[in-house]
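Notes to accompany the following structure.
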Amino acid sequence: GTKKHTYYPVGLLRIGAMLRDHGHDVKLFYKDMPKETDDFDEYWISAIFTFEITHVKKLIRMLAKKGKVRVGGISPTLMPEAFNGEPCELSLGKMADAERYPLDYSLLGEPPEYSMAKITDGCIRKCGFCAVHRLEPQYIERPRWKEDILPTTKYVVLSDNNYTARPLDLMEKDAEYFSGLVKNTHNRFIDFNQAIDARLITPEMARILGQMPISPVRFSYDGPQESGHIQKAISLMAENGKKQFVIYMLYNFTDTIDFAYTRMRELVELGISLGVSLSVFPMRYQPLDTIDEDRKYIGKHWTEQARKNFMSALNHYSIGGTFSFDDIKDFEFWLGKDKDEFVRLMAYPKAQQLFSKKKEILRQERRRRKEEAI
Numbered sequence: 005g006t007k008k009h010t011y012y013p014v015g016l017l018r019i020g021a022m023l024r025d026h027g028h029d030v031k032l033f034y035k036d037m038p039k040e041t042d043d044f045d046e047y048w049i050s051a052i053f054t055f056e057i058t059h060v061k062k063l064i065r066m067l068a069k070k071g072k073v074r075v076g077g078i079s080p081t082l083m084p085e086a087f088n089g090e091p092c093e094l095s096l097g098k099m100a101d102a103e104r105y106p107l108d109y110s111l112l113g114e115p116p117e118y119s120m121a122k123i124t125d126g127c128i129r130k131c132g133f134c135a136v137h138r139l140e141p142q143y144i145e146r147p148r149w150k151e152d153i154l155p156t157t158k159y160v161v162l163s164d165n166n167y168t169a170r171p172l173d174l175m176e177k178d179a180e181y182f183s184g185l186v187k188n189t190h191n192r193f194i195d196f197n198q199a200i201d202a203r204l205i206t207p208e209m210a211r212i213l214g215q216m217p218i219s220p221v222r223f224s225y226d227g228p229q230e231s232g233h234i235q236k237a238i239s240l241m242a243e244n245g246k247k248q249f250v251i252y253m254l255y256n257f258t259d260t261i262d263f264a265y266t267r268m269r270e271l272v273e274l275g276i277s278l279g280v281s282l283s284v285f286p287m288r289y290q291p292l293d294t295i296d297e298d299r300k301y302i303g304k305h306w307t308e309q310a311r312k313n314f315m316s317a318l319n320h321y322s323i324g325g326t327f328s329f330d331d332i333k334d335f336e337f338w339l340g341k342d343k344d345e346f347v348r349l350m351a352y353p354k355a356q357q358l359f360s361k362k363k364e365i366l367r368q369e370r371r372r373r374k375e376e377a378i
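Quick note on numbering: my numbering labels position 172 of the sequence shown as 176, and the sequence is numbered without any gaps.
Written as structure tokens, this is what we have:
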């Protein structure tokens with residue numbers, strides 16, 4: 005029912021497996037919507053983001069005319085009151101019965117490109133911007149996680165919220181398993197798409213993680229609590245052979261505008277000095293317990309102009325929502341020579357037009373460098 009589908013709907017694939025086992029005919033609507041000719045007794049909806057609740061309500065009312073509607077997922081678990089009066093039944097939290105089933109990839113209607121698995125549930129942190137500690141209050145191992153990994157897929161997406169809290173002896177076993185997976189199946193690499201915790205990385209852990217076919221290595225630089233830790237973690241992983249990094253950077257939360265610049269510059273400079281590919285992925289904070297379908301929330305140290313300008317800087321430059329610079333001069337040209345210039349840039353009313361001009365200038369400059377290098 006949403007416009008974007010980043011990953012396969014894991015919850016529905018697991019629930020679908022359970023319902024099929026109970027003898028039901030199941031059809032997944034993943035990239036499309038039910039047609040007028042579709043006729044089912046029940047419709048199960050997975051609702052994720054709270055800013056999509058208004059859209060989900062419209063979907064509920066439409067499907068309720070055709071059959072019983074059941075809604076579960078993150079947003080109803082966080083905000084069940086938002087669904088008061090809607091013609092649906094809510095399923096809050098995880099469905100224990102469904103959790104016992106492996107994912108039924110056949111519901112996708114096409115061979116899956118990747119496998120999705122989760123080695124652990126929960127997180128040892130309780131960050132104010134995150135709902136994991138409310139959704140999965142216990143940090144536990146999922147005993148049957150390997151059943152979700154197919155030998156025929158190209159790679160494995162692991163959605164652990166804090167894999168690095170796992171004991172080192174179990175990590176060693178995981179490293180052996182993934183090495184065998186790459187050797188004996190079509191899977192070429194694994195991707196911890198929720199990032200791993202830089203604060204927990206030690207030389208020994210970096211050695212073990214270095215043995216895993218992780219690509220890219222993802223960390224988060226959400227605030228000053230990671231300062232120093234993330235630089236050390238990236239360096240340790242680079243020492244252990246990792247060359248591809250993606251760093252999530254939370255902004256528009258309690259951070260200041262100039263601290264966003266500081267973090268980006270630190271990361272770009274570190275990537276250049278280590279000789280690795282490092283992309284910064286800015287992620288705008290959105291409150292978890294509000295229905296803000298236009299996503300207009302502004303952090304206390306940000307402004308509407310700064311939010312728009314930063315998005316403009318990202319949209320004009322980025323590939324897939326990330327910043328990546330091989331030359332610090334390009335970074336300074338795009339975002340400012342220092343944090344004061346960046347702050348002024350974020351307040352400039354005509355920043356969108358400016359970034360359009362900068363994009364063309366930077367393209368020409370890079371073309372010139374390439375020609376000179378030949």
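For every residue, glycine included, the Cβ atom is placed at its ideal position computed from N, Cα and C.
How should MET11 be labelled, buried or exposed, when 16 other C-beta atoms within 10 angstroms of its C-beta is the threshold for buried?
Against the sequence shown, residue 11 aligns to sequence position 7. For the record, residue 11 in the displayed sequence is Tyr; it is not Met. Per the 10 Å Cβ criterion, exposed.
Let me know if ASN319 comes out buried or exposed under the rule of 16 or more other beta-carbons within 10 Å of its beta-carbon.
Position 315 of the sequence shown, counted from the first residue, corresponds to residue 319. Flag for ASN319 reads exposed.
Short Cβ contact (9 Å threshold) for LYS354 with PHE337:
Within the sequence shown, residue 354 is the residue found at index 350, counting from 1. Within the sequence shown, residue 337 is the residue found at index 333, counting from 1. No, the pair does not count as a contact, with Cβ atoms beyond the cut-off.
Please report the distance separating the alpha-carbon of MET253 from that of HIS28.
Taking the sequence shown and counting its residues from 1, the one referred to as residue 253 is at position 249. Taking the sequence shown and counting its residues from 1, the one referred to as residue 28 is at position 24. So the two alpha carbons sit approximately 43 Å from each other.
What is the DSSP secondary structure of VAL221, counted as helix, strand or coil?
Translated into positions along the sequence shown, residue 221 becomes position 217. Three-state DSSP puts VAL221 in a strand.
Element boundaries [beta strand (DSSP E), containing VAL284]
The residue you call residue 284 lines up with position 280 of the sequence shown. That run of the beta strand (DSSP E) goes 281-288.
Am I right that GLN248 and PRO220 are in contact with their C-beta atoms under 8 Å? What's the rounded C-beta distance?
Along the sequence shown, read from residue 1 onward, the residue named residue 248 stands at position 244. Along the sequence shown, read from residue 1 onward, the residue named residue 220 stands at position 216. Going by Cβ atoms, the distance from GLN248 to PRO220 rounds to 4 Å, so yes, they are a contact pair.
Cβ atoms of ALA51 and VAL75: under 9 Å apart, would you say?
Your numbering for residue 75 matches position 71 in the sequence shown. Your numbering for residue 51 matches position 47 in the sequence shown. Closer than 9 Å, so yes.
Report the three-state DSSP secondary structure of LYS72 (helix, strand or coil).
In the sequence shown, the residue the question calls residue 72 occupies position 68. Strand at LYS72.
With a threshold of 7 Å on Cβ separation, who are the neighbours of ALA121 within its own chain once the five nearest residues in sequence on each side are excluded?
Along the sequence shown, one-based indexing puts residue 121 at 117. If we look at ALA121 and ignore the five residues flanking it on each side, its Cβ neighbours are TRP149, ASP152, ILE153, VAL160, LEU162.
Buried or exposed: which applies to ASP125, given that a residue is buried once 16 or more other Cβ atoms fall within 10 Å of its Cβ?
Locating residue 125 in the sequence shown gives position 121, counting from the first residue. Looking at its Cβ environment, which holds 16 or more other Cβ atoms inside 10 Å, ASP125 is buried.
Can you find the residues in the same chain that come closer than 6 Å, C-beta to C-beta, to ALA264, ignoring five residues on each side of it along the sequence?
The count along the sequence shown starts at 1 and reaches residue 264 at position 260. Take ALA264, set aside five residues on each side of it, and the residues of its chain with a beta-carbon closer than 6 Å to its own are TYR255, in chain order.
With 16 other CB atoms within 10 Å as the buried threshold, where does LYS333 fall?
Your numbering for residue 333 matches position 329 in the sequence shown. With fewer than 16 other Cβ atoms within 10 Å, it is exposed.
Distance, GLN290 Cα to TYR301 Cα:
Here residue 301 refers to the residue found at position 297 of the sequence shown. Here residue 290 refers to the residue found at position 286 of the sequence shown. Computed Cα separation, rounded: 6 Å.
DSSP-derived helix/strand/coil call for GLN229:
As a first step, residue 229 is located in the sequence shown; it is residue number 225 there, counting from the start. Reduced to three states, the DSSP call for GLN229 is helix.
Among SER95, GLU297, MET209, whose alpha-carbon lies nearest the alpha-carbon of VAL73?
Taking the sequence shown and counting its residues from 1, the one referred to as residue 73 is at position 69. Minimum Cα distance to VAL73 is reached at SER95.
Should ARG269 go down as buried or exposed, given a rule of 16 or more other Cβ atoms within 10 Å for buried?
Working through the sequence shown from its first residue, we reach residue 269 at position 265. Per the 10 Å Cβ criterion, buried.
PHE327 bridges to which residues according to DSSP?
The sequence position of residue 327 within the sequence shown is 323, counting from 1. According to DSSP, PHE327 bridges with VAL284.
Looking at the structure shown, is ALA449 part of a helix, part of a strand, or coil, going by DSSP?
Here the chain covers residues 5 to 378 and nothing more, so residue 449 does not appear.
Cα-Cα, which of CYS134, PHE285, ASP344 is closest to SER322?
Residue mapping note: residue 322 aligns to position 318 of the sequence shown, counting from 1. If we check each option's Cα against that of SER322, PHE285 comes out closest.
Given that a residue counts as buried once 16 or more other Cβ atoms are within 10 Å of its Cβ, and exposed if not, what is LEU282?
On the sequence shown, residue 282 is found 278 positions in, with the first residue counted as 1. Under this definition LEU282 is a buried residue.
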